[in-house]
Amino acid sequence: KLCEGILNILEKDTKTSCQVACLEALRILSRDKKVLVPVTTKRNMQILMKLAKLDTVEDPLERVSEFPVIVEALKCLCNIIFNSSIAQKLSLELNLAAMLCNLLQECKDRPLVDDIKCFDLRLLFLLSLLHTDIRAQLRQELQGVQVLTQALESSLSVRWTEEYKAAEDRDRPPLSLQETDCAIEALKALFNVTLDSWNVHSKNESHQFRYMAAILRHCLLTTGPTEEKTEELH
Numbered sequence: 235k236l237c238e239g240i241l242n243i244l245e246k247d248t249k250t251s252c253q254v255a256c257l258e259a260l261r262i263l264s265r266d267k268k269v270l271v272p273v274t275t276k277r278n279m280q281i282l283m284k285l286a287k288l289d290t291v292e293d294p295l296e297r298v299s300e301f302p303v304i305v306e307a308l309k310c311l312c313n314i315i316f317n318s319s320i321a322q323k324l325s326l327e328l329n330l331a332a333m334l335c336n337l338l339q340e341c342k343d344r345p346l347v348d349d350i351k352c353f354d355l356r357l358l359f360l361l362s363l364l365h366t367d368i369r370a371q372l373r374q375e376l377q378g379v380q381v382l383t384q385a386l387e388s389s390l391s392v393r394w395t396e397e398y399k400a401a402e403d404r405d406r407p408p409l410s411l412q413e414t415d416c417a418i419e420a421l422k423a424l425f426n427v428t429l430d431s432w433n434v435h436s437k438n439e440s441h442q443f444r445y446m447a448a449i450l451r452h453c454l455l456t457t458g459p460t461e462e463k464t465e466e467l468h
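Next up, the structure:
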């Protein structure tokens with residue numbers, strides 16, 4: 235009942251501070267699988283997707299003031315999808331992966347969006363891990379390898395000297411914590427999407443995998459903000 239009450243408030247046009255507080259409470263509650271059973275419905279998923287700006291045809295990142303709401307809504311969706319098989323099935327029906335790819339591309343070259351990008355990537359990782367049909371959809375329909383590789387390239391700030399050769403800058407400072415976390419989430423999602431890709435057929439796929447291999451090499455030469463984060467990145 236508490237979760238339902240929170241979602242009813244979130245469905246209304248309330249202040250940003252109220253939305254963030256409600257989403258934070260829902261995120262904590264959504265760690266409990268028993269609590270999730272009655273609230274994992276198509277309507278409630280759509281409420282959270284709307285707050286995460288996943289269902290809009292307009293610029294989803296137009297208002298910086300809404301960024302905390304987007305981040306918290308994505309965090310809630312991560313918990314719900316991880317803990318609920320019903321939510322995983324609804325994600326396919328609601329075309330969640332396609333919306334996440336669109337939002338991820340909107341994040342490109344934008345300031346102040348690292349948290350949004352990170353939890354978008356984490357959600358794509360969870361969907362590709364927990365639902366084989368979504369994994370196939372990402373690979374075949376949504377150009378997931380390309381989208382995720384570009385997200386990884388952006389997180390690592392790769393500069394190119396040749397088509398498949400990244401610049402090596404040994405004096406480059408370590409990645410920030412946010413950049414490292416984004417790169418890690420992108421790598422995890424890429425692993426899932428490319429898991430069954432041992433047989434490359436087309437010229438475009440061959441290019442994509444050579445491009446990704448160059449970025450992965452660059453990744454191995456990159457350091458994170460701490461020794462532990464560098465180890466996790468590698």
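Residue numbering for the sequence shown is 235 to 468, as defined by this note's numbering. C-beta atoms are modelled at their ideal positions from N, C-alpha and C, and glycine is treated no differently.
How is residue i classed by DSSP in three states: helix, strand or coil?
{"i": "Thr460", "result": "coil"}
{"i": "Glu375", "result": "coil"}
{"i": "Lys249", "result": "coil"}
{"i": "Thr395", "result": "strand"}
{"i": "Ala400", "result": "strand"}
{"i": "Arg265", "result": "coil"}
{"i": "Ala417", "result": "helix"}
{"i": "Cys310", "result": "helix"}
{"i": "Asp367", "result": "helix"}
{"i": "His441", "result": "helix"}
{"i": "Ser410", "result": "coil"}
{"i": "Ala332", "result": "helix"}
Label residue i either buried or exposed according to how many other C-beta atoms from any shown protein chain fall within 10 Å of its C-beta, with 16 as the threshold for buried.
{"i": "Asn278", "result": "buried"}
{"i": "Gly458", "result": "buried"}
{"i": "Ala423", "result": "buried"}
{"i": "Leu270", "result": "buried"}
{"i": "Leu239", "result": "According to the sequence shown, residue 239 is Gly rather than Leu. The residue is exposed, with fewer than 16 neighbouring Cβ atoms inside 10 Å."}
{"i": "Lys463", "result": "buried"}
{"i": "Glu413", "result": "buried"}
Based on Cα-Cα distance, which residue from the options lies nearest to residue i?
{"i": "Leu288", "options": "Pro459, Val427, Cys256, Leu311", "result": "Leu311"}
{"i": "Tyr445", "options": "Asp415, Thr383, Ala321, Ala370", "result": "Thr383"}
{"i": "Arg356", "options": "Lys342, Ser325, Lys309, Trp394", "result": "Lys309"}
{"i": "Glu250", "options": "Ser319, Glu300, Lys267, Val273", "result": "In the sequence as presented, Glu is not what sits at residue 250; that position holds Thr. Nearest option by C-alpha distance: Glu300."}
{"i": "Arg369", "options": "Asp266, Ser410, Ser325, Glu387", "result": "Ser325"}
{"i": "Pro408", "options": "Val298, Glu465, Ala321", "result": "Glu465"}
{"i": "Arg404", "options": "Thr248, Val273, Ala448, Leu455", "result": "Leu455"}
{"i": "Gln322", "options": "Arg297, Thr248, Asp367", "result": "Asp367"}
{"i": "Leu295", "options": "Pro345, Leu450, Glu439, Phe425", "result": "Pro345"}
{"i": "Val273", "options": "Glu292, Leu236, Met333", "result": "Leu236"}
{"i": "Ile449", "options": "Arg406, Asp430, Tyr398", "result": "Tyr398"}
Look at the Cβ atom of residue i, then the Cβ atom of residue j, and state whether they are nearer than 8 Å.
{"i": "Leu338", "j": "Asp349", "result": "no"}
{"i": "Ile315", "j": "Leu364", "result": "yes"}
{"i": "Val303", "j": "Gln253", "result": "yes"}
{"i": "Val427", "j": "Leu372", "result": "yes"}
{"i": "Asp415", "j": "Cys352", "result": "yes"}
{"i": "Asn329", "j": "Arg261", "result": "no"}
{"i": "Asn317", "j": "Ser362", "result": "no"}
{"i": "Ile281", "j": "Leu244", "result": "yes"}
{"i": "Gln442", "j": "Val379", "result": "yes"}
{"i": "Ser388", "j": "Lys342", "result": "yes"}
{"i": "His452", "j": "Leu411", "result": "no"}
{"i": "Ala420", "j": "Leu386", "result": "yes"}
{"i": "Ala307", "j": "Leu285", "result": "yes"}
Per DSSP, which residues does residue i bridge with? Please list them.
{"i": "Lys351", "result": "Paired residues: none, contrary to the question."}
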